[in-house]
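Comments concern the structure below.
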Amino acid sequence: MAVASFSRRHVLKTGAAPALSLTASRYRQNAVRIEDVRFDFESYTYRTPMKFASRLIDRTTIVNVRTAVRTGDGRVVQGFASMKMGNTWSFRSDVLTYDQTLEVMCRLTERLAAITAGCPEYAHPIDLNHMLEARYLEAAVRLAREMKLPEPIPKLCTQVTACPFDASVHDAFGKAHKRSCYQTNNSEFMPHCLEHYLSPEFKGEYPETYLRRRPVERLPLYHLVGAADAITESDIARRIGDGLPETLEEWIRYNGLTHFKIKMQGNDLAWDVARTLAVHREVSAAQRKLGIAERYYSLDFNEMCPDVEYLLEFLAQVRESSAEAFDRIQYIEQPTKRDLRAGRAIRMHRAAEVKPVVVDESLTDFETLLLARELGYSGVALKACKGQSQSVMIASAACKYKLFRCVQDLTCPGASLIHSAGL
Numbered sequence: 000m001a002v003a004s005f006s007r008r009h010v011l012k013t014g015a016a017p018a019l020s021l022t023a024s025r026y027r028q029n030a031v032r033i034e035d036v037r038f039d040f041e042s043y044t045y046r047t048p049m050k051f052a053s054r055l056i057d058r059t060t061i062v063n064v065r066t067a068v069r070t071g072d073g074r075v076v077q078g079f080a081s082m083k084m085g086n087t088w089s090f091r092s093d094v095l096t097y098d099q100t101l102e103v104m105c106r107l108t109e110r111l112a113a114i115t116a117g118c119p120e121y122a123h124p125i126d127l128n129h130m131l132e133a134r135y136l137e138a139a140v141r142l143a144r145e146m147k148l149p150e151p152i153p154k155l156c157t158q159v160t161a162c163p164f165d166a167s168v169h170d171a172f173g174k175a176h177k178r179s180c181y182q183t184n185n186s187e188f189m190p191h192c193l194e195h196y197l198s199p200e201f202k203g204e205y206p207e208t209y210l211r212r213r214p215v216e217r218l219p220l221y222h223l224v225g226a227a228d229a230i231t232e233s234d235i236a237r238r239i240g241d242g243l244p245e246t247l248e249e250w251i252r253y254n255g256l257t258h259f260k261i262k263m264q265g266n267d268l269a270w271d272v273a274r275t276l277a278v279h280r281e282v283s284a285a286q287r288k289l290g291i292a293e294r295y296y297s298l299d300f301n302e303m304c305p306d307v308e309y310l311l312e313f314l315a316q317v318r319e320s321s322a323e324a325f326d327r328i329q330y331i332e333q334p335t336k337r338d339l340r341a342g343r344a345i346r347m348h349r350a351a352e353v354k355p356v357v358v359d360e361s362l363t364d365f366e367t368l369l370l371a372r373e374l375g376y377s378g379v380a381l382k383a384c385k386g387q388s389q390s391v392m393i394a395s396a397a398c399k400y401k402l403f404r405c406v407q408d409l410t411c412p413g414a415s416l417i418h419s420a421g422l
């Protein structure tokens, strides 16, 4: 486990982070300033490999961040957050290996920690992140140049790397005011309304205008059915034998599952249709034994569909084969490539008339949300790993635009799961 620490005093002394400015206001008393940032890495091996698009992933690295903030009245409060590095997803590369993209993110983590610790301003966490994001992106550009990478570090990758720093500041801010950090996104604590971050149509509105003020007591969790996961006993070549479930039926019996996220191939129509129907048959049979009637599916194509026609044909074939399976499909995630500007010709309007189509990997800011709407996406996938501040902004905009909303962070462990569930 690697551990590193950056204090504001040390960073400013070494000149690692130029000062940022935020106009002082009556909100100074509620605001916080970042005093100290510490982080460490933890690496784990998966119990079984997970198939992501065409790749099998068998391990992960988590970064834990502890941030100390100083309040306007001089108190020092600690915040904590963690997140998976997610390099396979956020830095998808055909040139760099898993280990290489992971190294990039680990080195970028150190740069972002120094930048975060060097921010001299007192502000609300959303404003702190708003100021720091440009510095984070600049650091990623410099790091790519220094490492002589064959391709730039994606903005999404930088956001995932920065996420736990943002979340830990929110955590500290909530603790400082003895309330959930989600109850501080209002005019009492924020000097700016949503217009400042989004557009004039949000004038006078705050995240609290759209988001729940109190958490719900229960949330449904989607069980991930990976493309390499065993559906039935016949899919298992050799059992692990550790006492935990190994087939979908066993997992349903073990957890009483009702919601399932099914990973698709996106480039093999027959396989995708057959996989969806096979999952539906197994879910239906297993739930009948338990007296469970509720079942919902989300389908994740991981950007692999060549065009919207593929998706439409897939939906048509599933509906023709099993009307019940089709009806249970709740929404579809990011069917085509994440670069929406390069793929403007691919429009989702026809598919979105059949089922909600949510934008995921493409969604890195308010501008891409607007572009996604223009291209026919009818929903958004909110992800804690893209940053709490941004997720709050995007969720507010999605509510205003009446878009379908879901939270997609199924593999978040520990503190990151709490962060994700809070959204």
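In numbering that gives the first Met the number 0, the protein residues as written are 0 to 422.
Here a beta-carbon is modelled for each residue, glycine too, at the ideal position from N, C-alpha and C.
Nothing here was measured: the structure is a model prediction, and the numbers come from that model.
{"Item": "Under the three-state DSSP convention, the category H258 falls into", "Value": "strand"}
{"Item": "Local conformation of E232 per DSSP, three classes", "Value": "helix"}
{"Item": "Where P190 falls, given that 16 or more other Cβ within 10 Å makes a residue buried", "Value": "buried"}
{"Item": "Three CB pairs or more closer than 8 Å across the segment 385-393 and the segment 194-212", "Value": "yes"}
{"Item": "P48: first and last residue of the uninterrupted beta strand (DSSP E) it sits in", "Value": "31-51"}
{"Item": "Cα-Cα separation between S20 and L111, rounded to whole angstroms", "Value": "Any reading at S20 needs caution, since the residue's pLDDT is 43, under 50, leaving its predicted position unreliable; the model's value is listed next. So the two alpha carbons sit approximately 18 Å from each other."}
{"Item": "With 16 other Cβ atoms within 10 Å as the buried cut-off, status of N254", "Value": "exposed"}
{"Item": "Beta-carbon proximity of I251 to E245, cut-off 8 Å", "Value": "no"}
{"Item": "Beta carbon of V159 nearer than 8 Å to that of G85", "Value": "yes"}
{"Item": "Best match in Q28, I114, T115 for proximity to R74 [C-alpha to C-alpha]", "Value": "Q28"}
{"Item": "Member of T60, C118, M130, A143 whose CA lies at the smallest distance from the CA of L95", "Value": "A143"}
{"Item": "Other residues of its chain near Q333: CB distance less than 8 Å, five sequence neighbours each side excluded", "Value": "D299, F300, N301, E302, V357, V358, D359, E360, S361, A380"}
{"Item": "Own chain, CB closer than 7 Å to Y205, minus 5 neighbours either side, in chain order", "Value": "N184, N185, S186, M189, C192, L193"}
{"Item": "Check whether V36 and T115 have beta carbons under 8 Å apart", "Value": "yes"}
{"Item": "Residue closest to Q264, alpha-carbon to alpha-carbon, out of L256, H258, R274, T257", "Value": "R274"}
{"Item": "Reduced DSSP secondary structure (H/G/I, E/B, other) of S198", "Value": "coil"}
{"Item": "Top-ranked residue by Cα proximity to L247, from F259, D241, W88, A236", "Value": "F259"}
{"Item": "Anticipated Cβ contact below 8 Å, A161 with G386, distance rounded", "Value": "6 Å"}
{"Item": "Member of V64, R46, T70, M130 whose CA lies at the smallest distance from the CA of H418", "Value": "V64"}
{"Item": "Enclosing alpha helix (DSSP H) for C405 [first to last residue]", "Value": "From DSSP, C405 is part of no alpha helix (DSSP H) but of the beta strand (DSSP E) over 403-406."}
{"Item": "A420 versus Y181, A133, Y135, S320, residue with shortest Cα-Cα distance", "Value": "Y181"}
{"Item": "Integer-rounded CB distance, given that A139 should sit under 8 Å from L101", "Value": "Not a contact, Cβ separation roughly 15 Å."}
{"Item": "Straight-line gap, E323 to A383 (C-alpha atoms, nearest Å)", "Value": "32 Å"}
{"Item": "Whole-angstrom distance between R346 and L223, CA atom to CA atom", "Value": "27 Å"}
{"Item": "Residues bridged to G78 [DSSP beta-bridge criterion]", "Value": "T66"}
{"Item": "Presumed contact (8 Å Cβ cut-off) between V168 and L127, rounded CB distance", "Value": "6 Å"}
{"Item": "Pairwise C-alpha distance: L155 and F148", "Value": "According to the sequence displayed, residue 148 carries Leu and not Phe. So the two alpha carbons sit approximately 17 Å from each other."}
{"Item": "Through-space distance from K399 to K202, alpha-carbon basis", "Value": "12 Å"}
{"Item": "Contact under 8 Å by Cβ, K262 with K50", "Value": "yes"}
{"Item": "Between the CA atoms of L311 and M130 - distance to the nearest angstrom", "Value": "42 Å"}
{"Item": "Residues bridged to R426 [DSSP beta-bridge criterion]", "Value": "Summary: the structure shown does not reach residue 426, with the chain confined to residues 0 through 422, and so no result is reported for it."}
{"Item": "Neighbourhood of S92 by C-beta distance below 7 Å, restricted to the same chain and skipping five residues each side", "Value": "T100, E150"}
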